[in-house]
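One structure is given below, encoded as structure tokens.
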Amino acid sequence: MKKLWQMLTKPSSKYSILALVLVGIGITLAGVLTVHKSFEFASTTEFCTSCHTMEQNYQEYKQSVHFKNASGVRAECVDCHQPKDLPGKLQRKLGAWKDVYNHFITKKIDTPELLEEHRLELATAVWDRMKSQNSKTCKSCHSYDAMDHTKQSAQAAFEMNKAAAEDMNCIECHKGIAHELPNMAGGFQKDFEELQATANTQGAIAETLYSLSEKNIFAVADANSTASGSLLPASEVTVLERDGDMMKVKIDGWLEKEGRGRVLTEYMGKRVFKATIRGDVKASEQLIEEQTDAATNIVWQHVSVEGWITKDDMIDDIQPIWNYAEGMYGSTCTACHAAPAPGHFTANGWISSLNGMSAYYRLSKTEERTLLKYLQNHGSDTGGAGAH
Numbered sequence: 003m004k005k006l007w008q009m010l011t012k013p014s015s016k017y018s019i020l021a022l023v024l025v026g027i028g029i030t031l032a033g034v035l036t037v038h039k040s041f042e043f044a045s046t047t048e049f050c051t052s053c054h055t056m057e058q059n060y061q062e063y064k065q066s067v068h069f070k071n072a073s074g075v076r077a078e079c080v081d082c083h084q085p086k087d088l089p090g091k092l093q094r095k096l097g098a099w100k101d102v103y104n105h106f107i108t109k110k111i112d113t114p115e116l117l118e119e120h121r122l123e124l125a126t127a128v129w130d131r132m133k134s135q136n137s138k139t140c141k142s143c144h145s146y147d148a149m150d151h152t153k154q155s156a157q158a159a160f161e162m163n164k165a166a167a168e169d170m171n172c173i174e175c176h177k178g179i180a181h182e183l184p185n186m187a188g189g190f191q192k193d194f195e196e197l198q199a200t201a202n203t204q205g206a207i208a209e210t211l212y213s214l215s216e217k218n219i220f221a222v223a224d225a226n227s228t229a230s231g232s233l234l235p236a237s238e239v240t241v242l243e244r245d246g247d248m249m250k251v252k253i254d255g256w257l258e259k260e261g262r263g264r265v266l267t268e269y270m271g272k273r274v275f276k277a278t279i280r281g282d283v284k285a286s287e288q289l290i291e292e293q294t295d296a297a298t299n300i301v302w303q304h305v306s307v308e309g310w311i312t313k314d315d316m317i318d319d320i321q322p323i324w325n326y327a328e329g330m331y332g333s334t335c336t337a338c339h340a341a342p343a344p345g346h347f348t349a350n351g352w353i354s355s356l357n358g359m360s361a362y363y364r365l366s367k368t369e370e371r372t373l374l375k376y377l378q379n380h381g382s383d384t385g386g387a388g389a390h
């Protein structure tokens, strides 16, 4: 060790210090050049798509505007997936060990079927990385300052002006530009299955319960009888009595006094629907109080009704339903653009806002009603996100 230390710390008796310095410089330059050329080679689209697992992604990219467009400017793989600054480039290269591991060891996306199975997971990881970097790879080509809004459509100019003012993350609005969007429903549909499993485990034994789905309301403890109403998703009931798989429940809400009195809402003057009632269930109605909405001068009655429902799909806490709906909102409404926070609109305002986007998402009627209920209960006039 002593001899090794002397060799490292004392000039050579055979070679001059200048010669040793020049050799060191040469080795350093050779190392830098090797690293640079390696990075350059590993950053080509040919290298990125050389693995068969990237073939489908490559074909999707070739159909995008980033591959072929009127101006002839092509964005290569590295332009979107690797920052141009040295720290960002190093971080991305080092992080690619996961890709190598999954390609050679786990075979995670070895077939088109496996790619589709994991597409949402992979896309989410890329979107999260872009968000953490404030979409700096996008902004290396697309600069807010360089945009000429007069050459954009009126709607695009309106949105881009807002985005520029907030220095918004590009990926918030521009998912699915180069690759197919994943099936966004996979995540929240699994969440709903977990909610159902939790409800089944609980057995609906709590006194206060919340509905996971739309349920028929019966006047008697017989699920085969004619329904006398419907309990809507994410609605609270109080259990009064149990008979096998049936439960007698009390539902309270608000009715317009001058209306037909068939739709129970959660709030006076707000169209946050809780249940529809008719027949013998309607006949059980009990008046709690009566108030006039100062904004409209409409008289509202706070009432309660009683009826029978099945015990399935009933859970003892509303928060897991809101968590599920929040995930649905994130997956459905932010797939194409930056969706506003729930507190952005009023409870009634959310009805038209969600209806206006209904052509762009695929939700079942129950899913849509649950999503609307979540947004309305977290609206600007129902206390916002912190109120429920």
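For what it's worth, my numbering labels the leading residue of the sequence shown as 3, then goes sequentially.
Think of the CB as a built atom: it goes at the ideal place given N, C-alpha and C, for glycine as much as any other residue.
Since residue i and residue j should fall inside the 8 Å C-beta cutoff, what is the C-beta to C-beta distance between them, to a whole number of angstroms?
i	j	result
residue 272	residue 349	4 Å
residue 301	residue 260	7 Å
residue 258	residue 233	19 Å between Cβ atoms; not a contact.
residue 398	residue 77	Any question about residue 398 goes unanswered here, given that the chain covers just 3 to 390.
residue 264	residue 278	6 Å
residue 220	residue 310	4 Å
residue 139	residue 85	6 Å
residue 323	residue 197	7 Å
residue 334	residue 374	In fact, because the Cβ distance is near 12 Å, the residues do not count as touching under 8 Å.
Which term fits residue i, buried or exposed, when burial requires 16 or more other beta carbons within 10 angstroms of its beta carbon?
i	result
residue 331	buried
residue 137	buried
residue 344	buried
residue 237	buried
residue 388	For residue 388, the pLDDT reaches just 47, beneath the cut-off of 50, and the residue's location in the model is therefore unreliable, although a value from the coordinates is still provided. Residue 388 should be labelled exposed.
residue 369	buried
residue 23	exposed
residue 291	exposed
residue 193	buried
residue 184	buried
residue 160	exposed
residue 347	buried
Compute the distance between the beta-carbons of residue i and residue j, then report whether it is under 8 Å.
i	j	result
residue 105	residue 53	yes
residue 249	residue 225	no
residue 327	residue 269	no
residue 111	residue 120	yes
residue 74	residue 122	no
residue 176	residue 63	no
residue 230	residue 280	yes
residue 255	residue 242	no
residue 2	residue 41	Residue 2 lies beyond the stretch modelled for the chain, which goes from 3 to 390, so this question has no answer here.
residue 252	residue 308	yes
residue 379	residue 222	no
residue 132	residue 173	yes
residue 47	residue 79	yes
Can you find a C-beta in chain B that's less than 8 Å from the C-beta of residue i?
i	result
residue 223	Absence of chain B from the displayed structure is noted, only one protein chain being present.
In terms of residue numbering, what span does the beta strand (DSSP E) encompassing residue i cover?
i	result
residue 409	Residue 409 falls outside the range modelled here, since the chain spans only 3 to 390, and no answer is possible.
residue 278	272-279
residue 59	Looking at the DSSP string, residue 59 is not in any beta strand (DSSP E); the run it does join, the alpha helix (DSSP H), is 57-64.
residue 267	265-269
residue 210	210-213
residue 145	Counting along the chain, residue 145 falls outside any beta strand (DSSP E), and DSSP gives it neither H nor E.
residue 239	238-245
residue 382	Per DSSP, residue 382 belongs to no beta strand (DSSP E) and is neither H nor E.
Can you tell me where the alpha helix (DSSP H) holding residue i begins and where it ends?
i	result
residue 120	114-134
residue 234	Run containing residue 234: none; DSSP gives neither H nor E here.
residue 86	From DSSP, residue 86 is part of no alpha helix (DSSP H); its letter is neither H nor E.
residue 139	138-141
residue 101	99-103
residue 347	Here residue 347 belongs to no alpha helix (DSSP H), and DSSP marks it neither H nor E.
residue 371	367-379
residue 323	321-335
residue 394	Only positions 3 to 390 of the chain appear in this structure, which leaves residue 394 out of reach.
residue 177	Segment: none, residue 177 is in no alpha helix (DSSP H) and carries neither H nor E.
residue 157	156-167
residue 49	47-50
Quick check: does the Cβ of residue i come within less than 7 Å of any heavy atom belonging to the ligand ZN?
i	result
residue 109	The ligand ZN is not part of the structure shown, which contains no ligands of any sort.
Check whether the stretch 55-73 and the stretch 27-40 are in contact - that is, three or more C-beta pairs closer than 8 Å.
no
Would the stretch 204-218 count as touching the stretch 309-328 if we require 3 or more Cβ pairs under 8 Å?
yes
Does the structure place the stretch 351-367 close enough to the stretch 195-209 that three or more beta carbon pairs sit under 8 Å?
no
Counting Cβ pairs closer than 8 Å, one from the stretch 134-152 and one from the stretch 163-173, do we hit at least three?
Contact holds: three or more Cβ-Cβ distances are below 8 Å.
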